[in-house]
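Asker: Each protein sequence line maps, in turn, to chains U and W.
Numbering that gives the first Met the number 0 applies: residue 0 is where the first sequence begins, and numbers increase by one.
Numbering that gives the first Met the number 0 applies: residue 0 is where the second sequence begins, and numbers increase by one.
Glycine residues also receive a C-beta, built at the ideal position from the N, C-alpha and C atoms.
Keep in mind the model is a prediction, meaning the values are calculated, not measured.
Number of protein chains: 2
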Amino acid sequence: MKKSFFRGRVTRLRETLDHANFDTVWITQPENRRYLSGFKAEDGQLTESSGSLLITKSASLLVTDSRYVTQAKSESVDFEVITLKNGLVKGLPELLVRLGTKCLGFEENYLTWELHRELTGRLRKLSHPVRLVTLKGLVEGHREVKDRDEVKAMEAASNLMSDILARVFMKLKPGLTEKQIAWQIEGLAREGGADSLAFPSIVASGPNSALPHAVPTDRKIRRKEPITFDVGVRIDGYCCDMTRTLFIGEPSAKLKTIYKTVRKAQLAALVDIQPGVDSTKPDSTAREIIRQAGFGDYFGHSLGHGVGLATHERPRLGPDKPVKLKEGMVVTVEPGIYIPPLGGVRLEEMVVIIKSGLRVLTGDDHFYDF
Amino acid sequence: MKKSFFRGRVTRLRETLDHANFDTVWITQPENRRYLSGFKAEDGQLTESSGSLLITKSASLLVTDSRYVTQAKSESVDFEVITLKNGLVKGLPELLVRLGTKCLGFEENYLTWELHRELTGRLRKLSHPVRLVTLKGLVEGHREVKDRDEVKAMEAASNLMSDILARVFMKLKPGLTEKQIAWQIEGLAREGGADSLAFPSIVASGPNSALPHAVPTDRKIRRKEPITFDVGVRIDGYCCDMTRTLFIGEPSAKLKTIYKTVRKAQLAALVDIQPGVDSTKPDSTAREIIRQAGFGDYFGHSLGHGVGLATHERPRLGPDKPVKLKEGMVVTVEPGIYIPPLGGVRLEEMVVIIKSGLRVLTGDDHFYDF
Chain U
0 MKKSFFRGRV TRLRETLDHA NFDTVWITQP ENRRYLSGFK AEDGQLTESS
50 GSLLITKSAS LLVTDSRYVT QAKSESVDFE VITLKNGLVK GLPELLVRLG
100 TKCLGFEENY LTWELHRELT GRLRKLSHPV RLVTLKGLVE GHREVKDRDE
150 VKAMEAASNL MSDILARVFM KLKPGLTEKQ IAWQIEGLAR EGGADSLAFP
200 SIVASGPNSA LPHAVPTDRK IRRKEPITFD VGVRIDGYCC DMTRTLFIGE
250 PSAKLKTIYK TVRKAQLAAL VDIQPGVDST KPDSTAREII RQAGFGDYFG
300 HSLGHGVGLA THERPRLGPD KPVKLKEGMV VTVEPGIYIP PLGGVRLEEM
350 VVIIKSGLRV LTGDDHFYDF
Chain W
0 MKKSFFRGRV TRLRETLDHA NFDTVWITQP ENRRYLSGFK AEDGQLTESS
50 GSLLITKSAS LLVTDSRYVT QAKSESVDFE VITLKNGLVK GLPELLVRLG
100 TKCLGFEENY LTWELHRELT GRLRKLSHPV RLVTLKGLVE GHREVKDRDE
150 VKAMEAASNL MSDILARVFM KLKPGLTEKQ IAWQIEGLAR EGGADSLAFP
200 SIVASGPNSA LPHAVPTDRK IRRKEPITFD VGVRIDGYCC DMTRTLFIGE
250 PSAKLKTIYK TVRKAQLAAL VDIQPGVDST KPDSTAREII RQAGFGDYFG
300 HSLGHGVGLA THERPRLGPD KPVKLKEGMV VTVEPGIYIP PLGGVRLEEM
350 VVIIKSGLRV LTGDDHFYDF
């Protein structure tokens, strides 16, 4: 990602200050932080921040501590790096006085109740008190539509992931454990130059495939059962997310029907996706096909979600909260049917929305024609 | 971990209800959730919970959604598993009515400001309103002192990690990249039966070793420079955390002095650790030694921290907020000196506090006698 991108993003954020009820933006959410500054550090634990940003019309500060200061200076050249010695609660008020902040916009979905309370206590006591107001997903909104370089990174991640799966599938045989296969995937991801996995791989066989969020176990894969791979790698910070369900040997008629139904639902949902459509429409299309096939009780999650610096981000493709789909959004389409203890099938593509509809980034390999 | 442990832990939590200002405990923090219920799921992102616990004098509920229900039922047999269809904000109020909750204790360091606001809005409207009050680290307090099985798991993790490092060190040679070495460590961790790494390995060479939280890069390691390994694996959920700094060939006189100083500070701090001592004492002992050697400006972090289900947990061994050390606590002792761009040295042992002082879990291999 070129340095200039980050500058353009901060400029866009600054423009929103003209008609906002805050004069300073405080960014604590790690993907938003990276999106605006290029600072790649991750947060160790959820309550252990590696830094935050303070942005006004004229100032860009990256506030961190001694552990991250060298990294911050090298990655975020447009930001003034501030090293706090005694934590945010003590350090932030001083910085806000320096910036002349009257009203600080904060990320209500990435600030704990405790830190908010401690800060408001301190900020009220300043001789020029600072008010805290919610940012309401301001930067998440900017992140929804991807630029060309973001799509390129996600395409690279998708291509690498498809190659990895192709290599894993060639060597797939009964007796390998889910964990062994997950480990093969991770090894190939590293060798292939991924930053990391985008999320822990799901390799779920037989009854485990009925768990949408299964964790790989020591279970050995067997013939004729579903084996679900929900996997992704990260390149240049950007994720891909894709799911394939495989069988070694011919599965039962019931599993074939399930597979066929999921695929039909996916294809119909893909047709729905284009700029201007409500985000709920592809979900309801897929859901209706699954319902009509008699599996309505076995598709418990949403159809899909946005992907970018985070594996899950806006927009959500679910049954409620409609938003208009836009050109440049990247979303997954992942219907599934899960029948414990028999097993489950999920198929997931990641697509970018273009003027004429969509482009599938994850290859759309369709293995079976039952 | 035996099932009965979890039951004992819930019983202990219930006993606190007798003299608390809440009648129901709501656990959202993932390690606390696992500690009390055995539910191993992790949270995908901060705002993506895989479930929470509601505990009253007589009821134990694990509240999750369709993605995790099968796993929850198999891992948390003492809990009634509740599957929410429309999210926490809608589902929680109903459950609290059923439980007869008047006052709900919540984890203020693991609830976003936004979710707290949405919930209080709904809870106020109930015909019998529910108040939210802070739990103030109730379960984190219970987790501070480890039982025998917890120490056993951490000892197993430490032994595995020591073995892995020994194997990696034998094959260490100039020209290997930090990333390659980190990848060796991860492979050996998997083969050795770890659940996972406890945290992303730090392998930091030369100038990178001056970054306390360095991320492995493509830099090739060289002779005579510090190479810092801060690594850990997780077994049965429990972490180990240890740091070694190595040199290939004899380093400069200055680096030797730094190493010697860090080791001296560590040994002195270890002597301080025993039941009844203030948690600030070993930190100030180590800090004073480093200061007297002229490196006072180059030790920016705390001496150590508790370890358990989380890599970083209570108690903190820092310069402030003293607590009394207790038998059964597991803490790290990790002084460091970091001088950019020359490099840095950090040495870290993880120890369990016993009646007579401490037992080092991480081997206390001391490589150099400069």
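#1: When you compare only the Cα positions, how much space is there between Lys320/W and Thr279/W?
#2: The beta strand (DSSP E) with Gly305/U in it runs from where to where?
#3: Just to make sure I have the definition right: I need the residues of chain W whose C-beta is within less than 9 angstroms of the C-beta of Pro299/U. Which are they?
#4: Is any beta-carbon of chain W found at less than 7 angstroms from that of Pro339/U?
#5: Rounded to the nearest angstrom, what separates Asp277/U and Lys84/W at their Cα positions?
#6: Which word fits Thr244/U, buried or exposed, when buried means at least 16 other C-beta atoms lie within 10 angstroms of its C-beta?
#7: Hey, Leu393/W and Gln70/U are a contact pair by Cβ (cut 8 angstroms); roughly how many whole angstroms apart?
#8: Does Glu113/W get closer than 7 angstroms to chain U when you measure Cβ to Cβ?
#9: How about His212/U: is its C-beta nearer than 7 angstroms to some C-beta of chain W?
#10: May I ask which residues mark the beginning and end of the beta strand (DSSP E) holding Met160/W?
#11: So within the stretch 43 to 118 of chain U, which uninterrupted beta strand (DSSP E) runs reach at least 3 residues, ignoring any that extend past its ends?
#12: Would you list the one or two residues that DSSP bridges to Asp229/W?
#13: Count the other CB atoms, across all protein chains shown, that sit within 10 Å of the CB of Lys39/U; report buried if there are 16 or more and exposed otherwise.
#14: Please determine if the stretch 178 to 193 of chain U and the stretch 318 to 335 of chain U are in contact, where contact requires at least 3 C-beta pairs separated by less than 8 angstroms.
#15: Is the CB-CB distance between Pro92/U and Leu134/U below 7 angstroms?
#16: Going by the beta-carbon positions, is the gap between Gly231/W and Ala252/W smaller than 7 angstroms?
#17: Kindly indicate which residue of Arg345/U, Arg97/U and Glu154/U has the alpha-carbon position closest to the one of Phe246/U.
#18: Please report the distance separating the alpha-carbon of Pro371/U from that of Ser283/U.
#19: What's the C-alpha gap between Ser126/W and Lys101/W?
#20: Output the distance between the C-alpha atoms of Asp217/U and Asp162/W, rounded to the nearest integer angstrom.
#21: Taking 7 angstroms as the cut-off, decide whether the C-beta atoms of Met349/W and Asp240/W are in contact.
#22: Can you name, in chain order, every residue of its own chain whose Cβ lies under 8 angstroms from the Cβ of Leu87/U, other than the five neighbours on each side?
#23: If I follow the unbroken alpha helix (DSSP H) through Tyr367/W, where does it start and stop?
#24: Whose Cβ in chain U lies nearer than 7 angstroms to the Cβ of Arg189/W?
#25: Hey, how far is the Cα of Ser195/W from the Cα of Arg233/W?
#26: In chain U, which residues lie with their C-beta within 9 angstroms of the C-beta of Ala209/W?
#27: Taking the alpha helix (DSSP H) that Gly140/W belongs to, which residues open and close that run?
#28: Grouping DSSP H, G and I as helix and E and B as strand, with all else coil, what is Thr15/W?
#29: Can you tell me which of the three DSSP states Val261/U falls into?
#30: Please name the residue, chosen from Lys259/W, Ile289/W, Asp17/W and Ser57/W, that lies closest to Asp77/W on a Cα-to-Cα basis.
#31: Assign Arg358/W to one of three DSSP states: helix, strand, or coil.
#32: Which residues in the same chain as Pro250/W place their Cβ atom closer than 6 angstroms to its Cβ, once the five residues preceding and following it in sequence are excluded?
#33: Look at the alpha carbon of Ile81/W and the alpha carbon of Asp64/W, and state the distance between them as a whole number of angstroms.
#34: Can you give the Cα-Cα distance for Phe366/U and Ser75/U, rounded to whole angstroms?
#35: According to DSSP, is Lys280/U part of a helix, a strand, or is it coil?
#36: In whole angstroms, give me the CA-to-CA distance for Phe228/W and Phe298/W.
Answerer: Inspection of the coordinates gives the following:
#1: Between Lys320/W and Thr279/W, the alpha-carbon positions lie close to 7 angstroms from each other.
#2: For Gly305/U, the uninterrupted beta strand (DSSP E) run begins and ends at Gly303 to Gly305, by DSSP.
#3: In the sequence under discussion, the amino acid at residue 299/U is Gly, which differs from the Pro named in the question. One finds Asp64, Ser65, Arg66, Val68, Thr82 and Lys84 in chain W with Cβ atoms closer than 9 angstroms to the Cβ of Gly299/U, taken in chain order.
#4: At least one chain W Cβ lies under 7 angstroms of Pro339/U.
#5: When rounded, the distance between both Cα atoms is 22 angstroms.
#6: Counting other Cβ atoms within 10 Å of its Cβ, Thr244/U reaches 16 or more and is therefore classed as buried.
#7: Look at the range of chain W in this structure, 0 to 369, and you will see that residue 393/W is not part of it.
#8: Cβ-Cβ to chain U under 7 angstroms: yes for Glu113/W.
#9: So yes, His212/U belongs to the interface.
#10: Not the beta strand (DSSP E): Met160/W falls in the alpha helix (DSSP H), residues Arg147 to Met169.
#11: Taken in chain order, the complete beta strand (DSSP E) segments of 3 residues or longer contained in the stretch 43 to 118 of chain U are 51 to 54, 59 to 64, 79 to 83 and 102 to 105.
#12: Beta-bridge pairing links Asp229/W to Ile201/W and Thr242/W.
#13: Lys39/U should be labelled buried.
#14: In short, these stretches do not touch, since the Cβ pair count stays below three.
#15: Cβ atoms of Pro92/U and Leu134/U: not closer than 7 angstroms.
#16: The Cβ atoms of Gly231/W and Ala252/W lie no closer than 7 angstroms to each other.
#17: Arg345/U is the residue among Arg345/U, Arg97/U and Glu154/U whose C-alpha sits nearest the C-alpha of Phe246/U.
#18: What the structure shows of chain U is the stretch from 0 to 369, and residue 371/U is not part of that stretch, so it cannot be assessed.
#19: Each residue's alpha carbon lies about 11 angstroms from the other.
#20: Between Asp217/U and Asp162/W, the C-alpha separation is close to 23 angstroms.
#21: Going by beta carbons, Met349/W and Asp240/W fall inside the 7 angstroms limit.
#22: The beta carbon of Leu87/U is closer than 8 angstroms to those of Ser48, Ser51, Val62, Leu114 and Leu118 in its chain, skipping five residues each way along the sequence.
#23: Note, Tyr367/W: premise wrong, no alpha helix (DSSP H); not H, not E.
#24: Here the neighbours are Trp182.
#25: Between Ser195/W and Arg233/W, the C-alpha separation is close to 6 angstroms.
#26: Here the neighbours are Thr69.
#27: Per DSSP, Gly140/W belongs to the alpha helix (DSSP H) from Leu137 to Glu143.
#28: Reduced to three states, the DSSP call for Thr15/W is helix.
#29: Helix.
#30: Nearest option by C-alpha distance: Ser57/W.
#31: Strand, per DSSP.
#32: Counting only Cβ-Cβ distances below 6 angstroms, and skipping sequence neighbours, we find Lys223.
#33: Ile81/W and Asp64/W: Cα-Cα distance of roughly 8 angstroms.
#34: Approximately 44 angstroms, taken between the alpha carbons.
#35: Reduced to three states, the DSSP call for Lys280/U is helix.
#36: When rounded, the distance between both Cα atoms is 17 angstroms.
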